[in-house]
Amino acid sequence: MTTPQAYIGIANVSAGKLKLGAQTQETITCTPASADVAATGDIPDGTKYISVHAAALFVVAVDEATSATVGLAVGANTPQTIPIELVDGGDGKVHVQSATDNTVVYVTYLQD
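Per the working numbering, the sequence shown starts with residue 6, numbered consecutively.
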C-alpha cells in the first residue's frame, strides 16, 4: 500500500490562452531592494491569470502590497502562471518585492 502524498502547487495551467488583445505585458523594477513596488498600471479587465518571471527570487501579490506575510515567492528564472481573482477593496495592481536591488519582474496579463 502506498502512502498518499500531499503537496501544494500549480502545474501546467492550460487556460489563459494567448490571443489578440488578451496578452499584455509590463515590467516592474524592484527598487529599492526589499520594498514593495506596485505596477504602474491596473490589472486589465478580464484578466484571469498572470505569468511572472525574473532573474532573481521575488515575491508577488495582487490587490495588496507584498510583505513578510503576503505574497507568493517565485524562484529565479522560474516562470509561473498564476490564476488570480480581484476583489472589492483591493487596489487592482500587481505588487512585487525582491531582496536583489533592480530586479526586473516581467508580468504578463492573460485572459481566459
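Each residue gets a CB set at the ideal place from its N, CA and C atoms; glycine is no exception. Remember, predicted model here, so these are calculated numbers, not experimental data.
query, result
"Residue 113 to residue 99 span [Cα, whole Å]", "10 Å"
"Continuous beta strand (DSSP E) assignments of at least 3 residues falling wholly in the region 64-98", "77-79, 85-88"
"Segment contact flag, the region 70-80 with the region 25-37, C-beta cutoff 8 Å, min 3 pairs", "no"
"Bridge partner(s) assigned by DSSP for residue 56", "86, 113"
"Range of the contiguous beta strand (DSSP E) that encloses residue 32", "28-35"
"DSSP beta-bridge partners of residue 43", "100"
"Residue 108 (DSSP reduced to helix, strand or coil)", "strand"
"Rounded C-alpha distance that separates residue 72 from residue 96", "15 Å"
"Where residue 92 falls, given that 16 or more other Cβ within 10 Å makes a residue buried", "exposed"
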